[in-house]
Amino acid sequence: MAIENKVIAITGASSGIGEGTARLLAARDAKLMLGARRTDRLAALADELNAAGGTVAFRALDVTDRADVEAFIAATQAEFGRIDVLVSNAGLMPLSRFDSLKVEEWDRMIDVNIRGVLHGIAAALPRFKAQGSGHFVNISSIGGYRVWPTCGVYSATKYAVRAISDGPRMEHDDIRVTIVSPGVVESELASTITEAGAAAAMEDFRAIALTPDAIARAIAYAVEQPDDVDVNELIVRPVRTM
Ligand code: NDP
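Going left to right, the sequence shown walks through residues 597 to 838 as this note's numbering numbers them.
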């Protein structure tokens, strides 16, 4: 049932849900490898968690680059001798209406939110198979279940995360896969929105937002289950609605 000593790699650990998950799992004595592009943030977080008794390493990571994700997972294995869990959390959400034709933003969401998860599977799956066990925790969203105005492409990427997650689950009896789908959570996610209307709408949601530790607890719940239990899917929303 323990999280203690599990080797867990987290993408997008420099802020928000990834950072909150690192904090909780470090306190539960997991061995962590943190990845993101802002290494100054990762260094400060790792220093803080290690000073409190944690076992936390970090590495610069761009999940859109398959070779970089491979190097990140290889570094995790080199540092700790194995990898038990990959939390594919890195994501972007530059919401906009389709008629704004922010096509470059569509591409960036596809590259980070979909390709990033696929690159993680490509890197970790062979190692999980060699070990005879492993656990993918993939962060989708309530946007992975329905589409609101300005959310079409973002939702498409999060629907894709759910479909992609079911693949390894159906194909392998020795691999666990968990989809965690948050509702609104306080983080830096809305900072990538360049369309004024979409940004203003997201501001309203801040009044009801959960803090990242709520999602971290859901991830910890899935990770701490015995090896023969696969928590398939967790949807975690604020009690309050808008
Ligand atoms: P944040 O913006 O706070 O965190 C996003 C993280 O992703 C950052 O650490 C960022 O690090 C990282 N990231 C972005 N691009 C890349 C990249 N190319 N390579 C590596 N890391 C990258 O937002 P959240 O914590 O909210 O988001 C985490 C996940 O949760 C996302 O997948 C998001 O879609 C999902 N989610 C969030 C919800 C919310 O309300 N907050 C609701 C539902 C789902 P850096 O910039 O340093 O690379």
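Positions of the beta carbon are idealized from the N, C-alpha and C atoms, including for glycine.
Predicted model only: the values in this text are computed from it and were never measured.
I'd like to know whether the C-beta atoms of I771 and S736 end up nearer to each other than 8 Å. Going by C-beta atoms, I771 is not nearer than 8 Å to S736.
So, with DSSP's three-state summary, where would you put N685? coil
Within its chain, find whatever has a CB closer than 7 Å to the CB of T788; leave out the 5 residues flanking it on each side and keep chain order. L688, M689, P690
Can you tell me whether V781 is helix, strand or coil according to DSSP? strand
DSSP on H715, reduced to helix/strand/coil? helix
If you measure from the CB of S692, is any heavy atom of the ligand NDP nearer than 7 Å? In this structure, the ligand NDP has no non-hydrogen atom nearer than 7 Å to the beta-carbon of S692.
Assess, as a yes-or-no matter, whether the segment 613–624 is touched by the segment 798–813 under the definition of 3 or more beta carbon pairs within less than 8 Å. Three or more beta-carbon pairs separated by less than 8 Å link the segment 798–813 to the segment 613–624, which places the two stretches in contact.
When DSSP labels each residue in this structure, what does I789 get in the three-state scheme? Correct three-state label for I789: coil.
Using only the alpha-carbon positions, how far apart do T660 and H768 sit? 25 Å
Since L638 and A632 should fall inside the 8 Å C-beta cutoff, what is the C-beta to C-beta distance between them, to a whole number of angstroms? Rounded, the Cβ-Cβ distance is 6 Å, consistent with contact.
Within the segment 609–661, ranges of the alpha helix (DSSP H) (whole runs, at least 4 residues): 612–623, 635–647
Start and end of the alpha helix (DSSP H) containing E767? 748–767
Checking 8 Å against the spacing of the C-beta atoms, do D680 and I613 come in under that value? No; because the gap between Cβ atoms is not below 8 Å, this pair is not in contact.
N734: buried (16+ other C-beta within 10 angstroms of its C-beta) or exposed? N734 comes out buried.
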